[in-house]
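J.: After the structure tokens below, expect a handful of questions from me.
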Amino acid sequence: MKAGPKAKVDDTPLPFRPRSTGSKRFASFAEKFIKVPKGTNAKKALRLRDWQLDLIGSVEDAEVMPRTAGWMLPRGQGKSTLVAAYGLYRFFTDGEGSVVAVVAVDERQAGIVFNIARRMVELDDELSARVQVFKDRLYWPTTDSYFHCLPASPASLEGLDYTLAILDEAGVANRDAYEVLTLAQGKRERSTLVCIGTPGPKVNDQVLADLRNYAAEHPEDKSLVWREFSAAGFEDHPVDCRHCWELANPALDDFLHRDALVALLPPKTREATFRRARLCQFATDTDGAFLPAGVWEGLSTGVGVPDGTEVVIALDGSFSDDTTAVLVAAVGAEPHVDKVKVWQRPANDESYRVPVAEVEQTIRDSCRRWKVLEIVADPFRWTRTLQILESENLPVVEFPHSPARLTAATTDLFSAATNARLTHSGDRTLAEHVAAAVIVEDARGIRLSKASRSRSARKIDLAACLVMAHSRATWRATHKKRSKTRSFAA
1 MKAGPKAKVD
11 DTPLPFRPRS
21 TGSKRFASFA
31 EKFIKVPKGT
41 NAKKALRLRD
51 WQLDLIGSVE
61 DAEVMPRTAG
71 WMLPRGQGKS
81 TLVAAYGLYR
91 FFTDGEGSVV
101 AVVAVDERQA
111 GIVFNIARRM
121 VELDDELSAR
131 VQVFKDRLYW
141 PTTDSYFHCL
151 PASPASLEGL
161 DYTLAILDEA
171 GVANRDAYEV
181 LTLAQGKRER
191 STLVCIGTPG
201 PKVNDQVLAD
211 LRNYAAEHPE
221 DKSLVWREFS
231 AAGFEDHPVD
241 CRHCWELANP
251 ALDDFLHRDA
261 LVALLPPKTR
271 EATFRRARLC
281 QFATDTDGAF
291 LPAGVWEGLS
301 TGVGVPDGTE
311 VVIALDGSFS
321 DDTTAVLVAA
331 VGAEPHVDKV
341 KVWQRPANDE
351 SYRVPVAEVE
361 QTIRDSCRRW
371 KVLEIVADPF
381 RWTRTLQILE
391 SENLPVVEFP
401 HSPARLTAAT
411 TDLFSAATNA
421 RLTHSGDRTL
431 AEHVAAAVIV
441 EDARGIRLSK
451 ASRSRSARKI
461 DLAACLVMAH
471 SRATWRATHK
481 KRSKTRSFAA
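Those letters in the sequence shown? Residues 1 to 490, per UniProt numbering, in order.
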């Protein structure tokens, strides 16, 4: 593969002259030039299924190419591979100055699609000989064509002039970004915006749902086409209904394995999440509770963490209005957790401030009681405390509350709790904080939150500690300590 602006490329036309047109022409291109980059049939020619060709055909086989296409399908159907292949097809066949943009909810998701496309080019000699590769785009100097992958931020999309734009994860996409993309059309005779994704948590505020509703209400508008694979209309069926699974998942028993769906059935995942992700139903959580009823109670052992145990200490700190909490988790594949201490503002005491020195001393005392491998906390507003503890040679590890980190840690904690891979002491305050936590889900991922932002809302700080402590305790169980640890003598 040619990298960089000065790399020489093959400037001859791509040897592709099929007699077929429309979706069949795309199928010929895929079979000749595109190899499966990973997984089932890796490095073999990409042979498209009929349902995949139906999606492509909604655009390519139309009498007049639509300006907008909406494709709704569950997770696990290989949509990233399909859009990467279709993007490359348009990149190589749309002629002079073609521009293909795959727009994803964030840089990480955009990178997934880009790396698939890059690998597809790399695996074929004809394609790789003609393309220069940059960090976030492919460039074909002979036709001055670009293949971009961009995050769905309006500022990054202004001025874009594309032949094909693909808005990935349209169920949680930024509406402003969608409008920038759709309003960019009109400069070219042939340009299409494809919005593809799975229903998001906000039923009444998502691009995908609006496109679906408009297509149903205006079938005469040929500028928009809609295709979906879903079990919509069968929300009254149980989540393990095989009819619904087969209706919604065209890749089932092909490259989507049935046992994976069985393994994810509620209560291992929340019912509304399963229905959205696996059945493409527009479902909402009834109460947003983090754990199903009875799960937390069933994990109680009635005993704390024994002295001298290898542990992780988690701190969730505040300044005045909220609660500060410290929690301990025994290091292991199935951690055992307990409350250390909680500081909470007394009612109607506006002058209250968290006793920072007392919090720091509690952490030092914990280091005397247990063998502490990590003291983990979000450094926001507590940087000075973490610096002091670290200066005392205590094993401080920062846990910034970034969306990607919290999504992974929260998902892992939910899975551990619902599959009984976690135990706790039965502490009442810890149970109250876990019960008060709800899930917030948006374009950035999922995280724990309060049901209300009012001062009187039930507290969740120990639950926030639990997310961090579980993540680090399970990680520590499989990774050797590289930095120094310190336990104080009694």
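Glycine is no exception: its CB is placed at the ideal position from the N, C-alpha and C atoms.
1. Grab the span of the alpha helix (DSSP H) containing S471 for me, first residue to last.
2. Step through the CB atoms of chain D and report whether any lies within less than 8 Å of the CB of A184.
3. Helix, strand or coil for V438? Go by DSSP, reduced to three states.
4. Measuring straight from C-alpha to C-alpha, what distance separates A42 and R118?
5. What residues in its chain sit with their C-beta under 6 Å from that of A463, if we drop five residues either side in the sequence?
6. Out of W370, F16, S58, I363, point me to the one whose CA is closest to L389's CA.
7. Between the beta-carbon of F114 and the beta-carbon of D144, is there less than 8 Å?
8. On a CA-only basis, which of A129, G95, A216 is nearest residue 496? Give me that one, please.
9. Can you check whether the CB of G87 is closer than 8 Å to the CB of F33?
10. Of all the beta strand (DSSP E) runs that stay within the bounds of the stretch 288-360, which reach a length of 3 or more residues?
11. From this set, Y214, A431, E158, F234, which residue's C-alpha is nearest Q281's C-alpha?
12. Which of the three DSSP states is assigned to P238 in this structure?
13. On the three-state DSSP scale, how would you describe M72?
14. Under a three-way DSSP split, which group does T198 fall into?
15. For the alpha helix (DSSP H) containing V9, list its first residue and its last residue.
16. I need the straight-line Cα distance from K202 to R270, nearest angstrom please.
17. Please report how far the alpha carbon of V99 lies from the alpha carbon of E63, in whole angstroms.
18. Pull up the distance between the alpha-carbon of T286 and that of T273, whole angstroms please.
19. Would you mind giving the Cβ-Cβ distance between D427 and D338, rounded to the nearest angstrom? I have them listed as a contact below 8 Å.
20. Would you list the residues sitting across from S191 in a DSSP beta bridge?
21. Can you name the residues that DSSP bridges to F147?
22. Can you tell me where the alpha helix (DSSP H) with D168 in it begins and where it stops?
23. Can you name, in chain order, every residue of its own chain whose Cβ lies under 6 Å from the Cβ of W370, other than the five neighbours on each side?
24. Quick one: what does DSSP say W226 is sitting in, helix, strand or coil?
25. So the alpha helix (DSSP H) I388 belongs to, where does it begin and stop?
26. Using CA coordinates, which residue listed in A417, E60, D61, K450 is at the minimum distance from S300?
27. From residue 493 to I166, what distance separates their C-alpha atoms?
28. Using a Cβ-based criterion (distance less than 7 Å to any ligand heavy atom), does K202 qualify as near the ligand COA?
29. According to the neighbour-count rule (16 or more other Cβ atoms, all chains shown, within 10 Å of its Cβ), is residue 561 buried or exposed?
30. Helix, strand or coil, according to DSSP, for K44 in the structure here?
31. Pull up the distance between the alpha-carbon of D254 and that of I460, whole angstroms please.
32. Anyone know if the C-beta pair for I56 and F26 falls short of 8 Å?
T.: For this structure:
1. Residue range 461-478 is occupied by the alpha helix (DSSP H) that includes S471.
2. Absent from the structure: chain D. Only one protein chain is present.
3. Three-state DSSP puts V438 in a strand.
4. Spanning the two alpha carbons is a distance of roughly 15 Å.
5. Residues of the same chain with a CB within less than 6 Å of the CB of A463, apart from the 5 flanking positions on each side, are H433, V434, A437, L448 in chain order.
6. Distance check between L389 and each of W370, F16, S58, I363 places I363 closest, using alpha-carbon atoms only.
7. Contact: no.
8. Shown here, the chain extends from 1 to 490; a query on residue 496 therefore has no answer.
9. Not a contact, by the Cβ cut-off of 8 Å.
10. For the stretch 288-360, whole beta strand (DSSP E) runs of length 3 or above, ordered along the chain, are 310-316, 324-330, 336-343.
11. Relative to Q281, the option among Y214, A431, E158, F234 whose CA is nearest is F234.
12. In the structure shown, the three-state DSSP call for P238 is coil.
13. Here M72 carries a strand assignment [DSSP, helix/strand/coil].
14. T198: coil per DSSP, three-state reduction.
15. Bounds of any alpha helix (DSSP H) do not take in V9, whose DSSP letter is neither H nor E.
16. Rounded to whole angstroms, K202 to R270 spans 15 Å at the Cα level.
17. Cα-Cα distance, rounded: 22 Å.
18. Low confidence applies here, because T286 scores a pLDDT of 47, under 50, leaving its location unreliable; read the following figure in that light. Straight-line Cα distance between these residues: approximately 11 Å.
19. Correct: roughly 6 Å between the Cβ atoms.
20. Answer is none; S191 lacks a bridge partner.
21. Under DSSP, the beta-bridge partners assigned to F147 are V100, L138.
22. That residue, D168, is in no alpha helix (DSSP H); its beta strand (DSSP E) goes 164-168.
23. Hits under 6 Å: T309, V311.
24. Three-state DSSP puts W226 in a strand.
25. That run of the alpha helix (DSSP H) goes 383-391.
26. That would be A417, whose Cα lies nearest to the Cα of S300.
27. Since the first residue shown for the chain is 1 and the last is 490, residue 493 is missing from the structure and cannot be characterised.
28. The ligand content of the structure shown is nil, which means the ligand COA is not present either.
29. Since the first and last residues shown for the chain are 1 and 490, residue 561 lies out of range.
30. Coil at K44, not helix or strand.
31. A direct Cα-Cα distance of roughly 43 Å separates D254 from I460.
32. Closer than 8 Å, so yes.
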